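The structure appears below as structure tokens.
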Amino acid sequence: MSDTAELRYKSLSSNKSVLASLSDLTNNFNRLSSLVSELLVENTKLLSELDDLKLKSNNSDATGSSVQTPVLVSHIFQETFELERCASDAIVYGITESAHATIFERILDAEPRSIVFLVIYSRDC
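Residue numbers (this note's numbering): -5 to 119.
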């Protein structure tokens, strides 16, 4: 009988372990099911947003709105660069322009007493 009681005890212990594992698996499955449901709801929302954006895009194409071409964008950047470059141009009066190519030679050509200049701060060139 002792062997039978011991076998019964081990069997009950094993059954309790299996039932505990089954309970854990059931809880994990329920949590997973909940997460999948939340993901399905989120997926539905995203699909709806995507459909709205596609509709807006199609409506935009139908109304004839155009996208800026790279050439036009490049031209706008060039104009902006030119405006910034010309923002602090200097206008110099009473000095003849040097014929020399290097800056050092140009400086030597300039007579300090004849340099009169006016710096114009303007956004227009």
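Note that beta-carbon positions come from the ideal geometry of N, C-alpha and C, so glycine has one too.
Please read these numbers as outputs of a predicted model, since none were measured by experiment.
- In this structure, S92 keeps its C-beta atom at 8 Å or more from the C-beta atom of R79.
- Per DSSP, A81 is not a residue of any alpha helix (DSSP H), being assigned neither H nor E.
- Under the DSSP assignment, A14 falls in the alpha helix (DSSP H) whose first and last residues are S(-4) to T57.
- Bounds of the alpha helix (DSSP H) holding E99 are I97 to D103.
- Straight-line spacing of the CA atoms in N24 and V67 works out to 55 Å.
- Assignment of E73 by DSSP, reduced to helix, strand and coil, places it in the helix class.
- In this structure, the CA atom of L19 is about 40 Å from the CA atom of D46.
- Note on geometry: alpha-carbon atoms of S54 and E73 lie some 28 Å from one another.
- Assignment of S92 by DSSP, reduced to helix, strand and coil, places it in the coil class.
- Ranking T(-2), D103 and L26 by CA distance to the CA of T90 puts D103 first.
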